[in-house]
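One structure is given below, encoded as structure tokens.
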Amino acid sequence: MSIPDPADGAAVEARIAADPRYVALVRDRQRFSWTLTAITVLVYSSFISLIAFDKPFMATPIAGGATSIAVVLGAAMLLGTVIICAVYVRRANSTYDARVAELLKDVDA
Amino acid sequence: MIRAAIALVALLGGATAAQAGIHGTITQQPTNWTAILMFAGFVAATLWITATAARRTRTVSDFYTGGGITGFQNGLAMAGDYCSAASFLGITSQIFNDGYDGLIYAIGFLVGWPIVLFLIGEKLRNLGKFTFADVASYRFLQGPVRSFAAVSTLLVVAFYLIAQMVGAGQLIQLLFGLPYIYAITVVGGLMMVYVLFGGMRATSWVQIIKAVMLLLGATFLVLGVMAHVGFSFEALFAKAVGVKTKLALDSGLAPDEAAAKGRAIMGPGGFIKDPISALSFGFALMLGTAGLPHILMRFFTVPDAREARKSILWATVWIGYFYALTFILGFGAIVMISFNPDYVDVATATLRGGGNMAVMHLAHAIGGNLFLGFISAVAFATILAVVAGLTLSAASAISHDIYASVIRKGDADPAKELRVSRATTILLGISAIILGIVFEKQNVAFMVSLAFALAASGNFPVLVMSLLWKDCTTKGAAWGGAIGLLTAFVLTVLSPVIWVAVFGYESAIFPYSSPALFSVPAGFIAIWLISLLDKSPRAAIDKAGYAVQRVRSETGIGVHSPADH
Numbered sequence: 026m027s028i029p030d031p032a033d034g035a036a037v038e039a040r041i042a043a044d045p046r047y048v049a050l051v052r053d054r055q056r057f058s059w060t061l062t063a064i065t066v067l068v069y070s071s072f073i074s075l076i077a078f079d080k081p082f083m084a085t086p087i088a089g090g091a092t093s094i095a096v097v098l099g100a101a102m103l104l105g106t107v108i109i110c111a112v113y114v115r116r117a118n119s120t121y122d123a124r125v126a127e128l129l130k131d132v133d134a
Numbered sequence: 006m007i008r009a010a011i012a013l014v015a016l017l018g019g020a021t022a023a024q025a026g027i028h029g030t031i032t033q034q035p036t037n038w039t040a041i042l043m044f045a046g047f048v049a050a051t052l053w054i055t056a057t058a059a060r061r062t063r064t065v066s067d068f069y070t071g072g073g074i075t076g077f078q079n080g081l082a083m084a085g086d087y088c089s090a091a092s093f094l095g096i097t098s099q100i101f102n103d104g105y106d107g108l109i110y111a112i113g114f115l116v117g118w119p120i121v122l123f124l125i126g127e128k129l130r131n132l133g134k135f136t137f138a139d140v141a142s143y144r145f146l147q148g149p150v151r152s153f154a155a156v157s158t159l160l161v162v163a164f165y166l167i168a169q170m171v172g173a174g175q176l177i178q179l180l181f182g183l184p185y186i187y188a189i190t191v192v193g194g195l196m197m198v199y200v201l202f203g204g205m206r207a208t209s210w211v212q213i214i215k216a217v218m219l220l221l222g223a224t225f226l227v228l229g230v231m232a233h234v235g236f237s238f239e240a241l242f243a244k245a246v247g248v249k250t251k252l253a254l255d256s257g258l259a260p261d262e263a264a265a266k267g268r269a270i271m272g273p274g275g276f277i278k279d280p281i282s283a284l285s286f287g288f289a290l291m292l293g294t295a296g297l298p299h300i301l302m303r304f305f306t307v308p309d310a311r312e313a314r315k316s317i318l319w320a321t322v323w324i325g326y327f328y329a330l331t332f333i334l335g336f337g338a339i340v341m342i343s344f345n346p347d348y349v350d351v352a353t354a355t356l357r358g359g360g361n362m363a364v365m366h367l368a369h370a371i372g373g374n375l376f377l378g379f380i381s382a383v384a385f386a387t388i389l390a391v392v393a394g395l396t397l398s399a400a401s402a403i404s405h406d407i408y409a410s411v412i413r414k415g416d417a418d419p420a421k422e423l424r425v426s427r428a429t430t431i432l433l434g435i436s437a438i439i440l441g442i443v444f445e446k447q448n449v450a451f452m453v454s455l456a457f458a459l460a461a462s463g464n465f466p467v468l469v470m471s472l473l474w475k476d477c478t479t480k481g482a483a484w485g486g487a488i489g490l491l492t493a494f495v496l497t498v499l500s501p502v503i504w505v506a507v508f509g510y511e512s513a514i515f516p517y518s519s520p521a522l523f524s525v526p527a528g529f530i531a532i533w534l535i536s537l538l539d540k541s542p543r544a545a546i547d548k549a550g551y552a553v554q555r556v557r558s559e560t561g562i563g564v565h566s567p568a569d570h
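Going down the list, the protein sequences come from chains Y and A. Each number in the numbering used here comes from the position in the first sequence (counting from 1) with 25 added on. Each number in the numbering used here comes from the position in the second sequence (counting from 1) with 5 added on.
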């Protein structure tokens, strides 16, 4: 993608902004990314709150062994962080990129 | 101003309350020739890369962005920038001592990445060229916003850089058996060479190589640990609890108390005391990632938003994997080295060679001298790569944001801009060496967490508001960001860490150990309020510019590829 000429640059952007497909794309993507953000913040805050407010619960052994709830939750936090990123990238790379490409193809033509 | 300077010196000079990272007494070890040879090999290889990179660095853009690398490569380099030696040595040693608490740090460091990915990553790549100030000032009057961004970059980098330099000096004493001053000078000198001659391309490749070596080395160690316990996590944890219980018994505790002490390593302990401090600390770690200038700069080394997205995913994968490894290594160290008099002074139950040596002793126990040398070289390379990245981001703040954009109003001669950048690098290198010597005795992890708090309170709100809120204005971004930054700084000075521990007052004015829970909202509210009250003619231009900025940030139309300029 080359840099558009400044003179007609703003016109191109105005045309895109008015395109209903653009409006729908931005709305969908925004809803998706804020939902995932909310999940991340909520899960992490709950994790930190458990540590802050209920240490004995976190230290409870699982099935009478040495492994504790805290260890399992910690590992789940690490894994969950990677998974939620993968979910976003997967959706963005397939759905959103295709929609952006289609939008820009028409604009350039 | 003078008072602020005094506070700054006090802040750097006395903070000793942080819980993780480089800590404990450092004693110089006998000169370790295997490690030094390994390290020399690494340096030779990376200098060769720098020379190759230097031949291909022709334009300003090459210097700042390295001319474009793939998302996978950039993800590794981001992981390299992020997994500092303090993480590797500090977290494993903290787990060795206290068990579970070390993991809390690690999770906080990781959980910022999704936020960066969902909210700002792609938009950053779509709008920016060299530094995050390009994005923050996109539709605003360049002078004020870039000046804020440059000052904030320098502040964050300063704390981060000093921490890394001090860590480097201590590590070299530990690992190579060289005096502190030599170590600092070697680190500072090599960092200048990488940045001066190779620019971003060399820095990226040093990061990538180092990240791969670190991940391979840690994986090998984990395999050694798991082989020792028959590849069972339950056995690993049970043995670790057994070791801690026996240590407590040996120290004269009653059997039931000893059993409780042994079990304590499996849950959160004294690391996080009150809930507000806990949340605040978590916030600083989570949002700070999205405001670290040397991490943000990495978004401009890839060609487009798609690769930027992939970079973050790969960075998250490698960083998450790395922290999972450190957790196992900490417990492995408890099991494998606690009763070995070569590694631990049995009488006092402390690590030989300083409080951060757990993973180093483990490396020796598993792979002998040669492997210890390898891990030492990797740990040193880690610091080298991180300081090179930091220096580059500070140098571009001066040359690109201040010199080219504010002083020359975007009309700088590229050759002159490069010269300014290189002069800044030399100055930074020399100051880093001096500061590293001056602050030898300070706590490294505390300075790193302060850098995170500053980044979360200043840079993060400005980025989010300028990207996502149409009514944000020049005044709002510049002054609001400054207020967030200042709030974080002042609250830190008033917190127990400085007010009580350094100034010696009985109780702290601000009772919590981390400011982020208050200073991040302060930054956001200040930007919102000042923008709202801003009725200047410029404010109208700022608001009108949002529509175009928004379309560009969402679609990537008009994107600057790292190769063009």
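Positions of the beta carbon are idealized from the N, C-alpha and C atoms, including for glycine.
With a threshold of 8 angstroms between beta carbons, residue 91(Y) makes contact with chain A. At a C-beta separation below 7 angstroms, residue 311(A) has these neighbours in chain Y: 118 and 122. The three-state reading of DSSP puts residue 349(A) in strand, counting E and B together. No Cβ-Cβ contact shorter than 8 angstroms links residue 423(A) with residue 200(A). In the DSSP secondary-structure assignment, residue 436(A) is not bridged to any residue. Shortest Cα-Cα distance from residue 151(A) to any of 371(A), 60(A), 345(A) and 412(A) involves 412(A).
Residue nearest to residue 469(A) within the set 120(A), 161(A), 343(A) and 208(A) is 120(A) (criterion: CA-CA distance). If you look at residue 361(A), you'll find it isn't in any alpha helix (DSSP H); DSSP assigns it neither H nor E.
Rounded to whole angstroms, residue 386(A) and residue 215(A) show a C-alpha spacing of 6 angstroms. When rounded, the separation of the alpha-carbon atoms in residue 134(A) and residue 143(A) is 11 angstroms.
Under DSSP, residue 355(A) forms a beta bridge with 350(A). A Cβ-Cβ distance of about 5 angstroms is found for the pair residue 90(A) and residue 384(A), placing them in contact under the 8 angstroms criterion. When C-beta distances to chain Y are compared with 8 angstroms, the residues of the segment 255-275 of chain A below that value are 268, 269, 271, 272, 273 and 274, in chain order.
In the DSSP assignment, residue 223(A) falls within the unbroken alpha helix (DSSP H) covering 204-233.
Taking 8 angstroms as the cut-off, the Cβ atoms of residue 337(A) and residue 230(A) count as close. The segment 248-266 of chain A and the segment 367-380 of chain A do not touch, with fewer than three beta-carbon pairs separated by less than 8 angstroms. Only residues of its own chain outside the window of five on either side were considered, and among them 181, 182 and 183 have a CB closer than 8 angstroms to the CB of residue 36(A), listed in chain order. For residue 458(A), no chain Y residue has a C-beta closer than 8 angstroms to its own C-beta; the minimum C-beta separation is roughly 16 angstroms.
Counting only residues of its own chain and dropping the five nearest sequence neighbours on each side, residue 378(A) has a CB closer than 6 angstroms to the CB of 39, 40 and 43. Put simply, the CB of residue 100(A) is far from chain Y, with every gap to its CB atoms at 8 angstroms or more.
Using a 10 angstroms sphere on the CB of residue 400(A), the tally of other CB atoms reaches 16 or more, which defines it as buried.
At least 8 angstroms separates the CB of residue 220(A) from every CB of chain Y. Here residue 354(A) is not near residue 258(A), since their CB atoms are 8 angstroms or more apart. Under the three-state reduction of DSSP, residue 86(Y) is assigned to strand.
With its beta carbon less than 8 angstroms from one in chain A, residue 95(Y) belongs to the interface. Counting along the chain, residue 248(A) sits inside the alpha helix (DSSP H) bounded by residues 238-255.
Judged by their CB atoms, residue 137(A) and residue 129(A) are nearer to each other than the 8 angstroms cut-off. For residue 518(A), the three-state secondary structure derived from DSSP is coil.
DSSP places residue 93(Y) in the strand class (E or B) of the three-state scheme.
With its beta carbon at least 8 angstroms from every one in chain Y, residue 445(A) lies outside the interface. When the alpha-carbon of residue 333(A) is set against those of 245(A), 45(A), 294(A) and 441(A), the nearest one is in 245(A). Shown here, residue 262(A) sits in a helix according to DSSP, grouped into three states. With a threshold of 8 angstroms between beta carbons, residue 193(A) makes no contact with chain Y. Taking every protein chain shown into account, the CB of residue 346(A) has fewer than 16 other CB atoms within 10 angstroms, so this residue is exposed. If you draw a straight line from the Cα of residue 108(Y) to the Cα of residue 350(A), it comes to about 42 angstroms. Listed by position along chain Y, the residues whose Cβ is nearer than 7 angstroms to that of residue 520(A) form an empty set, because the closest Cβ is around 16 angstroms away.
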